[in-house]
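K.L.:
The sequence shown begins at 1 in our numbering and counts up one residue at a time. Heads up, the beta-carbon is just placed ideally off N, CA and C, and yes, glycines get one too.
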Amino acid sequence: MIEMEKLVNFCKSRGFIYSGSEIYGGLANSWDYGPLGVELKNNIKAAWWKKFVTSRLDMVGIDAALIMNPKVWEASGHVATFTDPLVECKQCHERFRADQIDLTKPCGNCGTKESFTEPAAFNMMLKTWLGAKQEVAAVAYLRPETAQAMFVNFANVVRTERMRLPFGIAQSGKAFRNEITPGNFIFRQREFELMEFEYFVSPDQWEKSFGYWLGQMHEWVTECGIDQSKVHEVEIPDGDRAHYSKRTIDLEFDYPFGRKELYGLAYRGDFDLNAHAESSGKELLYTDPETNEKITPHVIEPAFGVDRTFLAVMLSAYHEEEVEGEVRIVMRLPVHLAPVKIAVLPLSKKTELSAVSLALAERLAKRWRTNHHSSQSIGKRYRREDEIGTPFCITIDFDTLGEGEVNLKDTVTVRERDSMKQDRVLIVDLEKYLEARL
């Protein structure tokens, strides 16, 4: 597996991810997705939405506000319990998560021995103020998760969509956590993106649903091209689970910096609906349309981090291999996730070739993300597209113009990324050829 430092440099040099605010010296653990990164990220989110929302009859989506009524976070338990243990070095005043370091060893920043303060609870929610004055009455929070909006909108969704159990409410979007020690590139950030859904079931069906969604999460891992041999199920024991969870299984991934969480699957029981019903005074019950019985559904929650998916996809796709005595870097991204689907490459800068290739690139770009490059040798351009994961390169040569020794007028060469196999295809058949493969 590629080392993290090498991956970070690769992402920056190829336009996947840049350091945030770089021209001002950056901001610690802040990252911006570049031209290729935003395409890959959007493709991940679109694939997730299609798999878990639009292709199903039992799922609907919402897009809720980032800032919610502070009472939401009081009812959910985040104000009281959403904390990490914080310690500070008395010498250099560097702060650490107490559960991630050995407090018996010297400070990792300055080397001072026995210098840590006693662990204290540190709430990770990012606080802000609404209105012109920073006063207690105006305190609000940037959401630390997307889940609560789905619970507080439960009654609205049931009423407008006439959903029947079992059913789910999904959303993806930004979340914010004031992490004590963010790091490891985009693995742990203060600003990140989640894809989650709450699946509501009859209380006696939760185990069956839990097993089903665990299987679906593994399917998603495979569809993303994430190396399944590096994915592990970890049952979270009592005492280590979130306060709302009655059962949690994490899917962990073998990152270069160790085995860490990739996704989480939690059985939340009826905690959230009951908590919000009690706090708001509003009824959050499901009425069976046949028996008129009212129940509080139980909830299964599969949670997916967009940024961690991105990282696992990149780590799994990156390959180096020797081709004709040279090292070829190739990103073996699944076709549906690849940032660029097609590169149209004229064999030379000759005017006629460039005109034909540019017109073809503009035509294909109406359907697929397409690159057009004419500088450097064709071999170097192939390697450049391999490195960013482009599945197909289309070469316009002199045979295309009918100037070659063999009559191949109006045909192009299509090169496949992984095998480097080349096919000669008529331009008029090109869309049909690509449709079958993209």
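Give the DSSP bridge partners of D250, in chain order.
P.N.:
Partner(s): V234 and G264.
K.L.:
With a Cβ-Cβ cutoff of 8 Å, do C107 and E118 count as a contact?
P.N.:
no
K.L.:
Please confirm if the segment 112-127 is in contact with the segment 79-94, defined as three or more CB-CB distances below 8 Å between the two stretches.
P.N.:
yes
K.L.:
Per the DSSP calculation, L142 is bridged to which residue(s)?
P.N.:
I67 and L126
K.L.:
Exposed or buried, which one is N43 when buried takes at least 16 other CB atoms within 10 Å?
P.N.:
Around the beta carbon of N43, 16 or more other beta carbons sit within 10 angstroms, so the residue counts as buried.
K.L.:
Using 8 Å as the threshold, is the C-beta distance between E198 and R188 below it?
P.N.:
no
K.L.:
To the nearest angstrom, report how far apart E161 and P144 are at their CA atoms.
P.N.:
Approximately 27 Å between the Cα atoms of the pair.
K.L.:
Between Y18 and G37, what straight-line distance do the alpha-carbon atoms span, to the nearest angstrom?
P.N.:
9 Å
K.L.:
Consult DSSP for G183 and reduce its assignment to one of helix, strand or coil.
P.N.:
strand
K.L.:
Taking the straight line between their C-alpha atoms, what separation do you get for M526 and F52?
P.N.:
Look at the range of the chain in this structure, 1 to 438, and you will see that residue 526 is not part of it.
K.L.:
On the DSSP letters alone, give me the boundaries of the alpha helix (DSSP H) that V452 sits inside.
P.N.:
Since the first residue of the chain shown is 1 and the last is 438, residue 452 is not available in this structure.
K.L.:
Could you pull out every residue in the same chain whose Cβ sits closer than 8 Å to the Cβ of E196, ignoring the five residues on either side in sequence?
P.N.:
E145, T146, A147, M150, A170, Q171, S172, E301, P302, A303 and F304
K.L.:
Go to P35, then tell me how far its alpha helix (DSSP H) extends in each direction, as first and last residue.
P.N.:
P35 to W49
K.L.:
Quick test of the definition: if touching needs 3 or more C-beta pairs under 8 Å, does the segment 388-401 touch the segment 327-347?
P.N.:
yes
K.L.:
Taking the CB atoms as reference points, tell me whether E252 and R241 lie closer together than 8 Å.
P.N.:
no
K.L.:
Would you kindly report the start and end of the unbroken beta strand (DSSP E) that includes F392?
P.N.:
F392 to I396
K.L.:
Ignoring anything shorter than 3 residues, give me the beta strand (DSSP E) runs that lie fully in the segment 354-420, in order along the chain.
P.N.:
Taking only runs of at least 3 residues, the beta strand (DSSP E) segments lying wholly in the segment 354-420 are 370-372, 392-396 and 411-416.
K.L.:
Bridge partners of H78, per DSSP?
P.N.:
According to DSSP, H78 bridges with nothing at all.
K.L.:
What does the alpha-carbon distance come out to for the pair E324 and I427?
P.N.:
30 Å
K.L.:
If we ignore side chains and look at the alpha-carbon of each, how far apart do C224 and K105 end up?
P.N.:
40 Å
K.L.:
Under three-state DSSP, which class holds A28?
P.N.:
coil
K.L.:
At what residues does the alpha helix (DSSP H) containing F154 begin and finish?
P.N.:
F154 to E161
K.L.:
Within 10 Å of its beta-carbon, does Y267 have 16 or more other beta-carbons around it, so buried, or fewer, so exposed?
P.N.:
buried
K.L.:
Pull up the DSSP beta-bridge partners for P85, would you.
P.N.:
A121
K.L.:
Tell me whether the beta-carbon of F167 lies closer than 8 Å to the beta-carbon of D58.
P.N.:
yes
K.L.:
Could you check where the alpha helix (DSSP H) with D307 kicks off and where it finishes?
P.N.:
V306 to A317
K.L.:
Per DSSP, which residues does Y286 bridge with? Please list them.
P.N.:
DSSP lists I295 as partners of Y286.
K.L.:
Relative to the alpha-carbon of E3, which residue among I101, F185 and R381 has its alpha-carbon at the smallest distance?
P.N.:
F185
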